[in-house]
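What follows is a set of notes on a single structure, which appears directly below.
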Amino acid sequence: MSNKKIIPIGPYHPLQEEPELFKLYCEGEIVKDIKWETGYNHRGIEKLSEQKTFDQVFFLVERICGICSTSHPFAFANAMEEIADIEVPDRAKYIRTIIGELERLHSHLLWVGLAGHFLGYNTVFMWAWKYREPVLDLFEMITGNRNSYAMFKIGGVRRDITDPQIREIKKVMQVVKRKTDLLTGAVMDDPVIHARTKGVGILTKKDIADYAAVGPTARASGVDIDIRRDDPYAAYGLVDWKVITAEAGDVFAKAEVRLLEMYESIKIIEQCLNKMKREKEGDTEIQVREIPEGIGTGRAEAPRGEVFHFVVTDGSNSPVRHKIRAPSYVNIATFKKSCVGQTIADATISLAAVDPCYCCTERMAVAYDFASKERLYSGYELLDISRRKTEKIKTQKSQ
Amino acid sequence: MAENLFYFLVFPGLLFAGVVGGLLSWFDRKVTAWVQFRRGPVLMQPFYDFLKLLLVKETIVPARGSVLTFLSAPVLALSGASISAALILLPAFGITSGFRGDIIVIFYLLTIPSISYVTGALASGNPLASVGASREIKLLIGFELTLLLIFATVIMKSGMNISLYEIIAYQQQNGALIGSLSGVLLFIPLIFCIQAKLGMVPFDIAEAETELSGGAFIEYSGPPYAMIKFTKYIMLFVLPALAVVLLLGGLSLTGTSILWSVLKILAVVLLLTLIRNTNPRLKVGQAMRFFFIWMNALVLIAIILTYSGL
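Chains D and H supply the protein sequences, listed in that same order. Note that the numbering used here gives residue 312 to position 312 of the first sequence, counting from 1, and the numbers run on in steps of one. Note that the numbering used here gives residue 204 to position 204 of the second sequence, counting from 1, and the numbers run on in steps of one.
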């Protein structure tokens, strides 16, 4: 790789607002190979979770991702309810679905804006984020927070949606629908956007299978998967909607899938609001006294794809093991496939097209020797290394 | 001699063009803000930006770069821009009549900022800057031919005059050159050439914040970057002024026609701003194709129309 020049994306780069490092090995402007380094932002969420009570874990997993902050509690609730064998009341199901879909709306609007920004189209950026505001205001009205809503608990939801709020949500949905029409028109019909995104960063069905990609990334390549339909949870089985797919697999297809999914989200929310009225007001939770010993898996379709939570309990008040897999973990890896052979200009938008979320994804890696299967570092050894490094920095500073 | 120095440094060169360019930059940013539902900067913001870079921020020089080339590039760019400002604005305001063939000199002087950016970027030794530099060169190759053809057609249309002063005089007698079909056809590629020269979206390819995080300018900081900013202000005034002089009947500093001149400049800048706010960034190959095929074709049609007297 001597004659190839390294173009870095990260650790600080205007493309992604999180710490990550992609080294693009380029010849001229053509990307020949990439190396990916993350791990700047490991927070030890899974370990922390084992030290907290079940109620506290909800607030913890909510903070895994700032944008899709309901999908993690959603998946965790699904896992816990599987262990405890609970069926939540219908009204709670509808509320959960509404929160989940509102989140998808604001997350997709955010992505459309960012994608515009990455292409240098700052007007789309500002417009999309302006139209995202009413959705965040709705969250503030329903939950008290614009983000990290703290709505979920084992057995139901923490707050009810009242009738005046239902009317307000319906009104805002009409506004968002109009604005989505406008954005969709602006993005779908712009010839320059076509020139920049069509045929760029193509992922074939095989690539999706190879990298096990999920969510809109997979659906844009014609892979028809959606946890909401394949493994219905909350109220997704009770309302009428369809999974959006596209065939091309390029950046444009990913934009198309996300934009059209927003219409489905609005449809789901409106149906949930109508059906919710038939349920008794205030019937939003069932009391759960004890969590038995058991193993539970919870899945939820986050805006970026499948979130997977695996929880082991032993009858005490906190998880014994809690394993989380965020969708970006698999989606970011597809970048290796989508960017090699393209120019730098295409590579950046290909990366952004999977809507990567690094802080969801960061994991601690334990290295095994391939031949002897020996563990190369234990957790204590790593801690020791880190302490020695801190000591070194301190002594250097003091000298 | 003293008079010439005054022309280059104060009016209408460096200082005047820079201040007017700064105000135009505010106009550009304010209109952008309106388009994007934002409030936008205060009137003095471009000058605050400039002064902060000049007076407060430190100069950081890349350790592995060529320091002399790196630091002299902004100076070269600024001098190229201010001399071309003087050469364009002196005949445009009717202060002096310029000299025969000044339009050709102006064409060369206007490329000096771009060339300096390239030199400075390559001297910095940053890989992102080198990609930015290569993109700038490609873009330059793309639009320079179109610009040259536009200049040639304007010369043809104004009775084979190669002096800016005479081109203006011709337009004052026979009406602005844009008043004909070929003039309109020339105006479109001219606007896009200016857009590319100013490095505005869709041609901010060399800078490409989200790809190259500043590209050619990534290593610049403090006073050298202030100079680059000032160069950009000057160019933001000079290039629209050139468009007005070549096709829209020229500028004037007398009586009520000042208002008319200001409106012409503002209209051109407004057009540039709207283009930059309604388009994503092109790839460099697409930009080159755009100029080589489409814009050159437009100019060639304009040349044919000029021959047939339209």
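Every residue, glycine too, gets a C-beta built ideally from N, C-alpha and C. The model shown is predicted, which means the values in this text are computed figures rather than measured ones.
Would you decide whether residue i is buried or exposed? Buried here means 16 or more other CB atoms lie within 10 Å of its CB.
| i | result |
| --- | --- |
| residue 258 of chain H | exposed |
| residue 319 of chain D | buried |
| residue 51 of chain D | exposed |
| residue 325 of chain H | Chain H is shown only over 1 to 310; residue 325 of chain H falls outside these bounds and no answer can be derived. |
| residue 171 of chain H | buried |
| residue 393 of chain D | exposed |
| residue 322 of chain D | buried |
| residue 438 of chain D | Absent from the structure is residue 438 of chain D, since the part of chain D shown begins at 1 and ends at 399. |
| residue 49 of chain D | buried |
| residue 55 of chain D | exposed |
In this structure, does DSSP put residue i in helix, strand or coil?
| i | result |
| --- | --- |
| residue 140 of chain D | helix |
| residue 42 of chain D | coil |
| residue 314 of chain D | strand |
| residue 1 of chain D | With a pLDDT of only 43 at residue 1 of chain D, under 50, the local geometry of the prediction cannot be trusted, and the value read off the model is given with reservation. Note: residue 1 of chain D maps to coil in three-state DSSP. |
| residue 285 of chain D | strand |
| residue 92 of chain D | helix |
| residue 296 of chain D | strand |
| residue 26 of chain D | strand |
| residue 111 of chain D | helix |
| residue 241 of chain D | coil |
| residue 325 of chain D | strand |
| residue 375 of chain D | strand |
| residue 355 of chain D | coil |
| residue 149 of chain D | coil |
| residue 43 of chain H | coil |
| residue 85 of chain D | coil |
| residue 189 of chain H | helix |
| residue 171 of chain H | helix |
| residue 74 of chain H | helix |
| residue 213 of chain D | coil |
Output needed for residue i: all residues of its chain with C-beta closer than 7 Å, excluding positions within five of it in sequence on either side, in chain order.
| i | result |
| --- | --- |
| residue 284 of chain H | 135, 138, 139 and 205 |
Taking 8 Å as the limit between beta carbons, can you name the residues of its chain near residue i, skipping five residues before and five after?
| i | result |
| --- | --- |
| residue 43 of chain H | 23 and 26 |
| residue 135 of chain D | 102, 105, 106, 109, 172 and 176 |
| residue 10 of chain H | 16 |
CB-CB under 6 Å to residue i, same chain, minus the five flanking residues each way: which ones, in chain order?
| i | result |
| --- | --- |
| residue 215 of chain D | 304, 305 and 327 |
| residue 132 of chain H | 121, 206, 212, 215 and 216 |
| residue 5 of chain D | 26 |
| residue 36 of chain D | 22 |
Between the alpha carbons of residue i and residue j, how many angstroms are there, rounded?
| i | j | result |
| --- | --- | --- |
| residue 294 of chain H | residue 1 of chain H | 45 Å |
| residue 239 of chain H | residue 194 of chain H | 6 Å |
| residue 217 of chain H | residue 121 of chain H | 7 Å |
| residue 343 of chain D | residue 29 of chain D | 5 Å |
| residue 191 of chain H | residue 146 of chain H | 11 Å |
| residue 260 of chain D | residue 271 of chain D | 17 Å |
| residue 113 of chain D | residue 145 of chain D | 22 Å |
| residue 203 of chain D | residue 389 of chain D | 41 Å |
| residue 254 of chain H | residue 24 of chain D | 57 Å |
| residue 377 of chain D | residue 371 of chain D | 15 Å |
| residue 73 of chain H | residue 150 of chain H | 28 Å |
| residue 382 of chain D | residue 59 of chain D | 28 Å |
| residue 242 of chain H | residue 109 of chain H | 13 Å |
| residue 50 of chain H | residue 97 of chain D | 51 Å |
| residue 90 of chain H | residue 117 of chain D | 40 Å |
| residue 325 of chain D | residue 278 of chain D | 36 Å |
| residue 374 of chain D | residue 368 of chain D | 5 Å |
| residue 62 of chain H | residue 71 of chain H | 10 Å |
| residue 167 of chain H | residue 198 of chain H | 24 Å |
| residue 236 of chain D | residue 355 of chain D | 24 Å |
| residue 30 of chain H | residue 41 of chain H | 6 Å |
| residue 19 of chain D | residue 176 of chain H | 55 Å |
| residue 346 of chain D | residue 58 of chain H | 34 Å |
| residue 385 of chain D | residue 334 of chain D | 32 Å |
| residue 164 of chain D | residue 243 of chain D | 31 Å |
| residue 133 of chain D | residue 140 of chain D | 10 Å |
Using a Cβ cut-off of 7 Å (strictly closer), state whether residue i contacts chain C.
| i | result |
| --- | --- |
| residue 13 of chain D | Annotation note: the requested chain C is absent from the structure, which comprises protein chains D and H. |
Q.
Using a Cβ distance threshold of 8 Å, determine whether the region 291 to 310 of chain H contacts the region 225 to 234 of chain H, with at least three qualifying pairs required.
A. no
Q | Sufficient close CB pairs (3 or more, under 8 Å) joining the region 89 to 103 of chain D to the region 177 to 190 of chain H | A | no
Q: Determine, using beta-carbon pairs with one atom in the region 183 to 201 of chain D and one in the region 209 to 227 of chain D, whether at least three such pairs fall under 8 Å.
A: no
Q.
Pairs of beta-carbons, one from the region 122 to 141 of chain D and one from the region 179 to 192 of chain D, closer than 8 Å: are there three or more?
A. yes
Q: Please determine if the region 151 to 166 of chain D and the region 295 to 314 of chain D are in contact, where contact requires at least 3 C-beta pairs separated by less than 8 Å.
A: no
Q | Contact the region 98 to 118 of chain H vs the region 151 to 169 of chain H: 3+ CB pairs below 8 Å | A | yes
**Q.** Any 3 or more C-beta pairs closer than 8 Å across the region 61 to 74 of chain D and the region 270 to 285 of chain D
**A.** no
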